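Each remark here refers to the structure printed beneath this line.
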Amino acid sequence: LNPKRVFITGASSGIGLLTARALCEAGYLVWGTSRTPGKLPALEGFHPIALDLNDDESIDSGFASALREAGYIDVLINNAGSGTFGPLEAFSSNELRREFQTLLVGPMRLIRLALPSMRARNEGLIVNVSSLAGELPVPFLAAYSASKSALSALSEGLNLELSHTAIRVVDVRPGDIDTQFHPSTRRLDGGLSDGYAPNLEIAWRTVDHNMARAPGPRIVAAVIVSIVNGAIRRPTVAVGDFFQARVAPYLARRSARAWVQWGLRAYYGLKRGKA
Ligand SMILES: NC(=O)c1ccc[n+]([C@@H]2O[C@H](COP(=O)([O-])OP(=O)(O)OC[C@H]3O[C@@H](n4cnc5c(N)ncnc54)[C@H](OP(=O)(O)O)[C@@H]3O)[C@@H](O)[C@H]2O)c1
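Heads up: the sequence shown begins at 1435 in the numbering used here, then just goes up one per residue.
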């Protein structure tokens, strides 16, 4: 009778699109965002919102217009994101700031906008779509991995901080998922492709190969719907193929970090140089 109101970023594609669709089908009211609202789906119960995580004013006005229409937001899902692949030294400070703005600072701004009304009602759920790359970093996606690691720490820290309330924070950590994420990953080499040969190309080919056989976004959408409807109540949830989401994190948590580095080098096929 009183459907929950959900705000989700990045509802135009991949994980966000399927999550928004599944939530609408389950009877939730969904405010979903894109930088290009024309790309958003026409669904019963779905409300399109323009929002660019790289623009504070756009974040504020996008969230404010959803709040105006909805009256209150029960669930905030920080899903939108993109990656930039390249050697860290090829990034300018502005490019690094942009990566962290999209993946960490923008989502934190949305959390700060959502919390006052959640606290006033002593009710709410924040779902942050982080990545297994935060636990098991991907070579040449080091800045992306670092920002996801920070987002995961933020989720857990904030969940503790909200202990005196009924508001929960859940960190969702997908492995490789076949969406527009990989095709839209920007490549940056700054003229350093020789300096990082052959590993730059080897790592890209491994990521390319893994993405081609990765599961689709439906499995992540199903997990997020289960978190929203209360069927999953854990503070962190890994999701993906069996090896990436189960075996690798299990082994990594029980191994010395030098062994984890050895395993990641082997997984990505990276060549070692001589000292
Ligand atoms: N696919 C994977 O292998 C994988 C693995 C682990 C974690 N993740 C995470 O899952 C989340 C969803 O990604 P996906 O795989 O579903 O990728 P996707 O298909 O490329 O969708 C990305 C979504 O994010 C939005 N977006 C991108 N940059 C944005 C920005 N600056 N401001 C606002 N919206 C922006 C896009 O919307 P518009 O372009 O329409 O604005 C789009 O709706 C991301 O946070 C990603 O890091 C993905």
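Backbone N, C-alpha and C fix where the C-beta goes; we use that ideal spot for every residue, glycine too.
All figures in this text were calculated on a predicted structure; none of them were measured in a lab.
Range covered by the beta strand (DSSP E) that runs through residue i
i     : result
N1512 : V1509 to N1512
H1481 : F1480 to A1484
S1468 : L1463 to S1468
A1672 : T1670 to V1673
G1568 : Unbroken run through G1568: none, as it is neither H nor E.
Nearest-angstrom beta carbon gap, residue j and residue i [assumed within contact, 8 Å]
i     : j     : result
R1652 : L1452 : 6 Å
D1612 : A1648 : 4 Å
F1519 : R1621 : 5 Å
S1581 : L1547 : Rounded, the Cβ-Cβ distance is 20 Å, inconsistent with contact.
S1579 : G1568 : 6 Å
A1460 : V1659 : 6 Å
D1508 : G1558 : 6 Å
Neighbour-count burial assignment, residue i, 16 or more Cβ in a 10 Å radius
i     : result
A1682 : buried
G1707 : exposed
S1468 : buried
Q1678 : buried
Q1695 : exposed
W1465 : buried
I1491 : It should be noted that the sequence gives Glu, not Ile, for residue 1491. Exposed is the call here.
K1705 : exposed
S1618 : exposed
D1610 : buried
Heavy atom of ligand 1 within 6 Å of residue i beta-carbon
i     : result
A1498 : no
N1528 : no
K1473 : yes
D1610 : yes
S1492 : no
T1518 : no
S1627 : no
I1511 : no
S1428 : There is no way to answer for residue 1428, as the model of the chain reaches only from 1435 to 1709.
T1619 : no
V1572 : no
V1603 : no
Any C-beta of chain C under 7 Å from that of residue i
i     : result
A1580 : Protein chain content of the structure displayed is limited to a single chain, and chain C is not contained in it.
First through last residue of the alpha helix (DSSP H) which encompasses residue i
i     : result
D1642 : N1633 to A1646
I1449 : G1448 to E1459
P1585 : Checking the displayed sequence, the identity of residue 1585 turns out to be Leu instead of Pro. Unbroken alpha helix (DSSP H) run through L1585: A1576 to E1595.
V1694 : R1691 to Y1702
Is there contact between the stretch 1581-1589 and the stretch 1549-1567, where contact requires at least three CB pairs shorter than 8 Å? Pairwise C-beta distances place the stretch 1581-1589 in contact with the stretch 1549-1567, as three or more of them are shorter than 8 Å.
Is the stretch 1631-1642 touching the stretch 1573-1580 in the sense that three or more CB pairs, one from each, lie closer than 8 Å? yes
Do the stretch 1592-1602 and the stretch 1547-1554 touch if we need at least three Cβ pairs shorter than 8 Å? yes
Is the stretch 1467-1486 touching the stretch 1517-1530 in the sense that three or more CB pairs, one from each, lie closer than 8 Å? no
When you compare the stretch 1477-1484 with the stretch 1498-1508, are there three or more beta-carbon pairs, one atom per stretch, that lie closer than 8 Å? yes
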